[in-house]
Amino acid sequence: MLVIGGGGVGGSGGGIGGGGGGGSGGGGGSGGGGAIISELRAAAFSNRKRNSTPSSIQRSEEIYPFYQRFDPGKMVGSVASDTAGSLNSISSSEGSSWSPSLRMAGETGQLRDFIEDLGPGQVVGRQALGARYLGAIQLSLSQTKGYLEVEIIRARDLKTKLGSKGIPAPYVKVYLVNGKKCIAKAKTSTARKTLDPFYQESLAFRENFRGCILQVTVWGDYGRFEGKKVFMGVAQIVLDELNLNQMVFGWYKLFDATLL
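Here the sequence shown is numbered in UniProt numbering, starting from 1 and rising by one per residue.
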């Protein structure tokens, strides 16, 4: 994603052009100009070679693994890699870049007859038809004094990533999204290592939530070696479909991010 050393190489290119001009400007100086060009080319090659060497410092990234039930060898599904600028990019440093696919409201109304047990206001894409889900999360949502309150109660039947030798410690991140902009986010504490975590934590959003979608994501902390930010599933909720003057309570299926 990062282009390293582009400016340095471009600068050397300018130097080469200058050296060439100097060489053709005077007969006596052409030999010196050729030597300078050779040196600049060698320096540019050395720069390019040095810049292509992988850095020993790597940015912490959230990981999108393959999934399985906690039953070795039984694969449940897959999730696309975190790509900068993609609709499904989810990162603690780039939370605002993850936005919903905006095809949902009318389409999901038709799909609810075919996908069982979606939560109140939950939306999915057509790709979710026939797809296995990655567990479920229990929520309550309400409006108090104009604020949106989301209680993360618990999750169940979460899946481990393929090849993992252990169970993660799950936590939940919630994003309030308007169009393609994340206007607020909050997270729970990290539960103990389990696939059925219990939270009972309330998250409050003071921002205007009219016209917004709530994205509830579950992440797993596998430790330093397997990854502290491993994506485990997402549920999307259209808030305008809910009467939040009364408490809305339900289980929401968690899906692969590519199915939204």
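Glycine included, each C-beta is placed from N, C-alpha and C at the ideal position.
Remember, it's a predicted structure, so these values are computed and weren't measured experimentally.
For this session: Sort Leu129, Gly135, Leu141 by Cα distance to Gln246 and report the nearest one.
Result: Leu141
Rounded distance between the beta-carbons of Val216 and Leu158, thought under 8 Å: Going by Cβ atoms, the distance from Leu158 to Val216 rounds to 13 Å, so no, they are not a contact pair.
Candidates Ile183, Ala191, Leu214: which alpha carbon is nearest Glu241's? Leu214
key: Simplified DSSP assignment, three categories, for Leu239   = helix
Exposed or buried, Ser164, counting other C-beta atoms within 10 Å across all chains shown (16 or more means buried)? buried
Worksheet entry | Glu151 - containing beta strand (DSSP E), residue span | 147 to 156
task: Mind checking which residues open and close the beta strand (DSSP E) that includes Lys228?
output: Element bounds for Lys228: n/a, residue is neither H nor E.
* Range of the contiguous beta strand (DSSP E) that encloses Glu201 -> 198 to 205
*Taking the alpha-carbon positions, what's the Pro197 to Val230 distance?*
15 Å
- Message: Taking only three categories from DSSP, how would you classify Thr144?
- Response: strand
- prompt: What's the C-alpha gap between Tyr222 and Val177?
  reply: 28 Å
Self-check item: Nearest-angstrom Cα separation, counted from Glu201 out to Lys187
Solution: 9 Å
*List the endpoints of the continuous beta strand (DSSP E) containing Gln215.*
213 to 221
Inset, instruction - Going by DSSP, name the residue or residues bridged to Val124. - result: Beta-bridge pairing links Val124 to no other residue.
As a quick exercise: from Leu195, Ser189, Val174, pick the residue whose alpha carbon is nearest that of Ala204. Val174
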